[in-house]
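Encoded as structure tokens, the structure appears first; notes follow it.
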């Protein structure tokens, strides 16, 4: 037996190991402190439009494309916003310049956010001895004192010289100064100030870094004064490019960027750059730079208002409405009975579109449901699309030819099998027709009719059959996992039920004995969205106050032939009004009331009240409703 390892050399090695262990412990402690320091000084950012793929894919894309690392990324379960941190304000500003970059078929919207502890950090600023109140109260009072509701002007000029703010210590250090304006904008947003003009003069601004959140708080701002600051670079204004899209007037006088100009040509260059950054800019430093009438004519939406329904002719309308009525009655009741509409050559496919959320519903099963629903993790037990993903034939995600063909059902047997693997549903065509839109026209290629239905449905029960996914299925690894789901191998998974929206396109042709045959059936399932796109007041390309007019769309005005099932038209008219109400109103008043109930979603009591106060004048009703819509209680609407 040899003892060579037990001599001096071995003892020395043991000491080295011990020293290494101690050094590692010390290094770990130092690194932990460094990590804590970095996170305490990190800048929060928010990202929208990321959910065309998973959260991890988006973070990796940003790291690869922008050369900036977003750490501690997570998804807000309520808003669906991807939130994370970057290491410095410089990185945050640079990342914001990438806003608009394409990712997974969508444009990312990147902005700096106020961290959850920013207000609390501001709150730690010492208050004066006379007990001046909390930080939030101080900023709130400051905003109210600087806001003129008549002119809709928010005057936040010379804030560093405001006696109250100086007394409170808001500008005592660089740290508190940098946090002041984001906190100011956060509170201004909470106060819901109606602001059209902002004065930021005399604030010693050299760039827009500290005030960039203004564009998020007041995106429809019309007038902005930045005079008597220290702007000297045109590039500084790229932070607001594509953000303040309704800015009409900008004042930059008494800034180096203007005072240091040497020629009229230099001024023209600055003016053109400002016009590029702000597409509706009309007045720059008091000079008109665009013809406003021509600009508004160019920006006005040139088409007629959208209709909830379109039919090529009365015959197609009658066939289409009857078909949809009967089809969804069976779809919600007994899908087996639908098989008489499908033949051996008929085709059906279903796909999921998770990339365009309109209203994000939070599952009660887990607070992280939205994170996983949009691909934010590797365990998607709460995914709202859990029952659909295995069958989804979304061609932007399923690239394998074999997988694409396997997800296309052809013939009665395959189609019925896919029907059984979809959740059981309820479509409220009769009770909530305002949630549906329909287009129908001839399809000459097959001597048939093309019907496209948009709307929503409620999932009321799990599928009759749960789709299986073999662990060795190539489509599982290459496609389904891209939805952020890697748990479908367990066939007993239960997913939350809720509301969904859909787009469904049928091609129907005539069969023997005048029967109907569904030649093609394509179903797209997406997150729930209401019917506002086709049932409310439709603007002409500009939000309220943008100078554009609006047109009211009345679904019930579409004529339906006698004998046609009026499934998609809003309450068939005055016939559905209670008898005691009809007895008190003449025919014209009844028709006005029905239109108002349809277009405002008010219940009967508030609808009658609105009509009476408007002297039964339809246009006056609409105007009064727009004025008071924000103050009406929830019980005023049909639930």
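Residue numbers (the UniProt record's numbering): 1 to 639. The beta carbon of each residue, even a glycine, is placed where N, CA and C say it ideally should be.
Nearest candidate by alpha-carbon position, reference residue 182, set 202, 218, 153: Comparing Cα positions, the closest option is 218.
Do residue 104 and residue 188 count as a contact pair if the criterion is CB distance below 8 angstroms? No, the pair does not count as a contact, with Cβ atoms beyond the cut-off.
Are the beta-carbon atoms of residue 646 and residue 198 separated by less than 8 angstroms? Residue 646 cannot be examined here, being either before or after the span of the chain that is shown, 1 to 639.
Compute the beta-carbon to beta-carbon distance between residue 45 and residue 80, rounded to the nearest angstrom, for a pair I have assumed lies under 8 angstroms. Distance from residue 45 to residue 80 at the Cβ level is roughly 15 angstroms; contact not present, criterion being Cβ atoms closer than 8 angstroms.
Would the beta-carbon of residue 392 fall within 8 angstroms of that of residue 351? Yes, the pair counts as a contact, with Cβ atoms nearer than the cut-off.
Cβ neighbour criterion (16 or more within 10 Å) applied to residue 388: Its Cβ being crowded by 16 or more others within 10 Å, residue 388 is buried.
Do you know how far the Cα of residue 48 is from the Cα of residue 109? Residue 109 and residue 48: Cα-Cα distance of roughly 5 angstroms.
Would you check whether the ligand ZN has a heavy atom nearer than 7 angstroms to the C-beta of residue 186? You won't find the ligand ZN in this model; it holds no ligand whatsoever.
According to DSSP, simplified to helix, strand and coil, what is residue 320? Residue state, collapsed to three classes: helix.
Taking DSSP as the reference, what is the three-state secondary structure of residue 522? Looking at residue 522 - three-state DSSP - the assignment turns out to be strand.
Checking the sheet assignment: what are the DSSP bridge partners for residue 99? Its beta-bridge partners do not exist; DSSP assigns none.
Quick one: residues in its chain with C-beta nearer than 8 angstroms to the C-beta of residue 158, no 5 flanking neighbours on either side, listed in chain order? If we look at residue 158 and ignore the five residues flanking it on each side, its Cβ neighbours are 201, 202, 203.
Is the region 443 to 454 touching the region 408 to 418 in the sense that three or more CB pairs, one from each, lie closer than 8 angstroms? No contact exists between the region 408 to 418 and the region 443 to 454.
DSSP state of residue 455 mapped onto helix, strand, coil: If DSSP states are grouped into helix, strand and coil, residue 455 belongs with the strands.
Check this for me: beta carbons of residue 399 and residue 522, under 8 angstroms apart or not? Contact: no.
Taking 8 angstroms as the CB-CB limit, is residue 99 close to chain D? Among the protein chains of the structure shown there is no chain D, as only one such chain exists.
Through-space distance from residue 333 to residue 154, alpha-carbon basis: Between residue 154 and residue 333, the alpha-carbon positions lie close to 58 angstroms from each other.
Run through the DSSP bridge pairs and tell me what residue 47 is partnered with. 82, 110, per the DSSP bridge assignment.
According to DSSP, simplified to helix, strand and coil, what is residue 195? Residue 195 falls in the coil class under three-state DSSP.
With a floor of 3 residues, list each beta strand (DSSP E) that falls wholly inside the region 143 to 227, ordered by position along the chain. Within the region 143 to 227, the beta strand (DSSP E) runs of at least 3 residues that lie entirely inside it are, in chain order, 153 to 155, 197 to 199, 223 to 225.
Counting pairs of beta carbons, one from the region 337 to 345 and one from the region 454 to 467, are three or more of them closer than 8 angstroms? Output reads no: the region 454 to 467 does not touch the region 337 to 345.
Contacts around residue 207, its chain only, beta-carbon distance under 6 angstroms, and the 5 residues preceding and following it disregarded: Spatial neighbours of residue 207 in its own chain (CB-CB distance under 6 angstroms, excluding positions within 5 residues in sequence) are listed in chain order as 236.
Could you check which residue in 346, 145, 100 has the C-alpha nearest to that of residue 511? Put simply, of 346, 145, 100 the residue whose alpha carbon is nearest the alpha carbon of residue 511 is 346.
Run the CB neighbour count on residue 298, radius 10 Å, all protein chains shown included, and call it buried at 16 or more, exposed below. Under a 10 Å Cβ-count criterion, residue 298 is classified as exposed, with fewer than 16 other Cβ atoms of the shown protein chains found around its own Cβ.
With a cut-off of 8 angstroms on the beta carbons, I'd call residue 501 and residue 519 a contact; round off their distance for me. Not confirmed; about 25 angstroms, so no contact.
Endpoints, alpha helix (DSSP H) assigned at residue 593: Where residue 593 is concerned, the enclosing alpha helix (DSSP H) stretches over 587 to 600.
May I ask which residues mark the beginning and end of the beta strand (DSSP E) holding residue 437? Unbroken beta strand (DSSP E) run through residue 437: 437 to 443.
Have a look at residue 611 and residue 593 and give me their C-alpha separation to the nearest angstrom. If you take the alpha carbons of residue 611 and residue 593, they lie about 7 angstroms apart.
Starting from residue 339, trace the alpha helix (DSSP H) in both directions and tell me its first and last residue. Boundaries for residue 339: no alpha helix (DSSP H) harbours it, and the DSSP string shows neither H nor E there.
Pull up the distance between the alpha-carbon of residue 503 and that of residue 439, whole angstroms please. Cα to Cα, the separation comes out at about 11 angstroms.
Whose CA, out of 106, 138, 577, lies closest to the CA of residue 605? Minimum Cα distance to residue 605 is reached at 577.
Give the straight-line distance between the Cα atoms of residue 431 and residue 638, rounded to the nearest whole angstrom. Going from the Cα of residue 431 to the Cα of residue 638 covers about 11 angstroms.
At what residues does the beta strand (DSSP E) containing residue 353 begin and finish? Unbroken beta strand (DSSP E) run through residue 353: 347 to 353.
I'd like the span of the beta strand (DSSP E) that includes residue 401, first residue to last. Counting along the chain, residue 401 falls outside any beta strand (DSSP E), though it belongs to the alpha helix (DSSP H) covering 401 to 406.
Going by beta-carbon coordinates alone, are residue 437 and residue 514 separated by less than 8 angstroms? No, these two residues do not count as a Cβ contact at 8 angstroms.
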